[in-house]
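This report refers to the structure that appears directly beneath it.
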Amino acid sequence: TEALNMLAVDFGASSGRAMLGSFNGEKLTIQEVHRFANEPVQLGGNLHWDFLRLFHELKTGIHLSKLRSGVSPASIAVDTWGVDYGLVDRKGRLVGNPYHYRDSRTDSTMNEVFGLISEDELYKQTGIQSSQINTIFQLYTEDRIRSFQHTDQLKMLFMPDLFHYYLSGVMANEYTIASTSGLLNPINRNWNIEIMDTLNIPSTLFSDIVAPGTKLGSLRKAIGDELHVGAIPIVAACGHDTASALVSVPTDVSHYAFISSGTWSIMGMELDEPILSVDSRQSLFSNEGGAEHKIRLLKNIMGLWLLQECRRAWALEGTTLNYDELTQMALSAPQNGSYIDADDVVFLPPGGMPKRIQEYCRASGQIVPESRAEIVRCIVESLAFKYKQTLTEMEKLSGKRLEHIYMVGGGIQNRLLCQLTASVTGKPVIAGPVEATAIGNMMMQAKAHGEVKDLSEIRGIVKQSFPPEIYHPEDTAMWEERYERYLKLFVHLS
Ligand code: ADP
Ligand code: LRH
4 TEALNMLAVD FGASSGRAML GSFNGEKLTI QEVHRFANEP VQLGGNLHWD FLRLFHELKT
64 GIHLSKLRSG VSPASIAVDT WGVDYGLVDR KGRLVGNPYH YRDSRTDSTM NEVFGLISED
124 ELYKQTGIQS SQINTIFQLY TEDRIRSFQH TDQLKMLFMP DLFHYYLSGV MANEYTIAST
184 SGLLNPINRN WNIEIMDTLN IPSTLFSDIV APGTKLGSLR KAIGDELHVG AIPIVAACGH
244 DTASALVSVP TDVSHYAFIS SGTWSIMGME LDEPILSVDS RQSLFSNEGG AEHKIRLLKN
304 IMGLWLLQEC RRAWALEGTT LNYDELTQMA LSAPQNGSYI DADDVVFLPP GGMPKRIQEY
364 CRASGQIVPE SRAEIVRCIV ESLAFKYKQT LTEMEKLSGK RLEHIYMVGG GIQNRLLCQL
424 TASVTGKPVI AGPVEATAIG NMMMQAKAHG EVKDLSEIRG IVKQSFPPEI YHPEDTAMWE
484 ERYERYLKLF VHLS
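At position 257 of the sequence shown (counting the first as 1) the number is 260 in the UniProt record's numbering, and the numbers step up by one without a gap.
In C-alpha cells:
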C-alpha cells in the first residue's frame, strides 16, 4: 500500500518547523522541509507574535513539502505552545497582532482576579495553577475586547486554531490547547461558563470544542491556487505542543514521569482523572488535557529558556556559541555548587539573563558564578534538581512510584542534562524522540485518517521508528547530598 504523507507544522519558541512524515502502516519516517525563526516582536511597549510572517512561513512549508516529495500531503496540522490566542471579527479579520505570553501587561493581573475569586477556588474550578501567562489572565486584561461594542461579533482562537482558521476557513477550539487556558472545567472537560461570568469574560468568544484528531475542513482555494496544491484536508491534531509531544512518548507502562524538554521543561505524568487538591495547587501542578481524554498532571519548569536567553545575551555581547559549545563548556566548568530556583518568576521575561542569574546567587548568599561556563553549569544542575523535586511531589500526590523518566524534545540533545537528570533522581532516563512534538502531531493525523487505532498503538510505532537512548544514574550518593543542600537554599526567599 501507499505511504501516508502528513505535514506537521510546529511553532516552537526557539524555532518553527514544517516536518513531513511518511507512515507505511508500521513505521514513521520524518524529514524537515522548512525551519524558520519564531521571534516575538516588541512593538509600542508590548510583546507580540509576528503572525503574518509566520503564516507566510507556514505557506512556505506547505509549498516545500510538495516540492520535496512530489505530492501534496494527505493532511496538515499545526501545533504551538499553550495559552496564546488571536481575536477574529465577524468578517474573519484578525483584530490586532496576537500578544505573546511573556508580555508584561499581565504582571499584576492575578492579584486583581484573586479579588473576585480566590486562588484556591479558581484551582478547584479549573485544575490549572495560577500563572500570569494563562489565557484566563490575558483575557481578563484584554483591551481589544473592551473596545468592541458588540463582543458577540468577536471570536477568540488559540494560536493553532487561528492558523487552522486562516488555512481552512473553519473556526473551532481544539481540546488540548483549550485545556491550557484556565477556562475549562477539568471534570466535564468543557468551557467553564461560571468562571467566565465571574471575570466578565464574554462566553460568546468561544467556539465548540473539538477532540484531537478531528478533520476540520480543507485548504482554502485561494491558498491552494497560490501554492499549486489541491484542497488538502486540515486536521486539528493536538494543537498544544506538549500534548503532541506526550502522544509520542515511547512507553508501554501506565505510570511514568515525562519531561518535555524544549524552551520550557514540562514535567508530569498521565492520569485518567484530575487531581484538584490543595496539595496539588500548592506544589504548582496543572491538570491539562491530552489525547484520548487523558489528564496531563504537569508543571511548567522554566527550562532551557534560561540557557537560550544566556546564549542570546552573549551573542549581543559579540560571542555566538552553539548549543554543543555551551554544553561542552558546562562539562569542564568548576562545580562551585551555586544554584537557582529555576521557577522563580524573575526569570520569565526576556533580557539580561546572565546578570539575573548572578544576582539570584548573590541574593541567596551563594558563590556568584562569574564565567559563562559556570553560569551554564548552574542552569543545568538547577534544572536537574527541580526535576527531582517535581518527581518527589508527583509520587506523593498520585500515590504511585514512578520508575522511569521519559525525556523528549529538542532539549534531549543536551546530553549533560539527560545524564544529570538520571544521576540526581536516581532513575533511568529514556530519551527520545527529539522531534516528539511533530511526531505526535503526525500520528494524530494518522489517527484522523483511520490508519492507527489508539495511543498505545501509536507509542509502539514511535518506539519502533525512533529507538530511544537510555541514561543510567551515576554518583548517586554525591548528588543526593548536594540535593539536600539545594533544598534548604531558597526556603527563606519564598
Ligand atoms: P521549542 O520547540 O520549545 O522551541 P525544542 O524542542 O526545539 O524547543 O528545543 C530547543 C532546545 O533544545 C534549545 O533551547 C536548546 O537548549 C536545546 N538544543 C537544541 N539543539 C541542541 C544541541 N545541538 N545540543 C544541545 N542542546 C540543544
Ligand atoms: C511548551 C508550552 C507549555 C505552555 C507554555 C506556554 O512549549 O506549550 O506547555 O504552558 O509553552
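Even for Gly, the Cβ is constructed at its ideal location relative to N, Cα and C.
Treat the numbers as computed from the prediction; the structure is a model and nothing was measured.
Local Cβ density within 10 Å of Val281, reported as buried at 16 or more and exposed below that: Here the question's residue 281 lines up with position 278 in the sequence shown. With fewer than 16 other Cβ atoms within 10 Å, it is exposed.
Classification of Val232 by the beta-carbon crowding that lies within 10 angstroms, buried from 16 upward: Reading the sequence shown from its first residue, position 229 is the one you call residue 232. By the 10 Å Cβ count, Val232 comes out buried.
Burial state of Asp164, where buried means 16 or more other Cβ atoms lie within 10 Å: Indexing the sequence shown from 1 puts residue 164 at position 161. Buried is the call here.
Residue range of the unbroken alpha helix (DSSP H) whose run includes Ser289: In the sequence shown, residue 289 corresponds to position 286, counting from 1. No alpha helix (DSSP H) holds Ser289; the beta strand (DSSP E) holding it covers Ser289 to Gly292.
Where the beta strand (DSSP E) containing Ile433 begins and where it ends: In the sequence shown, counting from the first residue as 1, residue 433 sits at position 430. From DSSP, the beta strand (DSSP E) with Ile433 extends over Val432 to Ala434.
The ligand LRH heavy atom lying under 7 Å from the CB of Gly64: Looking up residue 64 in the sequence shown gives position 61. Incorrect: Gly64 has no Cβ contact closer than 7 Å to the ligand LRH.
Uninterrupted alpha helix (DSSP H) stretches inside the region 239–291 (no shorter than 4 residues): 244–250 and 281–285
Between the CA atoms of His258 and Gly402 - distance to the nearest angstrom: By one-based count along the sequence shown, residue 402 stands at place 399. By one-based count along the sequence shown, residue 258 stands at place 255. Each residue's Cα considered, the two are about 11 Å apart.
Beta-carbon gap between Phe350 and Met305 smaller than 8 Å: Reading the sequence shown from its first residue, position 347 is the one you call residue 350. Reading the sequence shown from its first residue, position 302 is the one you call residue 305. Yes, the Cβ-Cβ distance between Phe350 and Met305 is below 8 Å.
Beta-bridge pairing of Lys302 - partner residues as DSSP gives them: Position 299 of the sequence shown, counted from the start, is the residue given in the question as residue 302. Partner(s): Met270.
Contact belief for Ser54 with Asn100 at Cβ below 8 Å, rounded distance in angstroms: Position 51 of the sequence shown holds residue 54. Position 97 of the sequence shown holds residue 100. For clarity, residue 54 is Phe in the given sequence; the question names Ser instead. Correct: roughly 6 Å between the Cβ atoms.
The region 191–203 / the region 216–230 touching (three or more Cβ pairs under 8 Å): no
Ordered list of alpha helix (DSSP H) runs contained in the region 417–487, each at least 4 residues: 418–428, 439–451 and 458–468
Thr179 CB to nearest heavy atom of the ligand LRH below 7 Å: One-based indexing of the sequence shown puts residue 179 at position 176. Every heavy atom of the ligand LRH is 7 Å or more from the Cβ of Thr179, so no.
Nearest candidate by alpha-carbon position, reference Thr112, set Ile139, Asn303 and Ile237: Within the sequence shown, numbered from 1, the residue matching residue 112 stands at position 109. Per the Cα distances, Ile139.
Rounded C-alpha distance that separates Asn137 from Ser247: Taking the first residue of the sequence shown as position 1, residue 137 is located at position 134. Taking the first residue of the sequence shown as position 1, residue 247 is located at position 244. In a straight line, the C-alpha of Asn137 is about 19 Å away from that of Ser247.
Contained beta strand (DSSP E) runs [length at least 3] in the region 10–45, N- to C-terminal order: 19–26 and 31–39
Separation of Ile370 from Val116, as counted between CA atoms: Within the sequence shown, numbered from 1, the residue matching residue 116 stands at position 113. Within the sequence shown, numbered from 1, the residue matching residue 370 stands at position 367. Spanning the two alpha carbons is a distance of roughly 39 Å.
Beta-carbon proximity check, Ala439 vs Ser263, cutoff 8 Å: Position 436 of the sequence shown, counted from the start, is the residue given in the question as residue 439. Position 260 of the sequence shown, counted from the start, is the residue given in the question as residue 263. Contact flag set, yes.
Classification of Lys94 by the beta-carbon crowding that lies within 10 angstroms, buried from 16 upward: Looking up residue 94 in the sequence shown gives position 91. With fewer than 16 Cβ atoms within 10 Å of its Cβ, Lys94 is classed as exposed.
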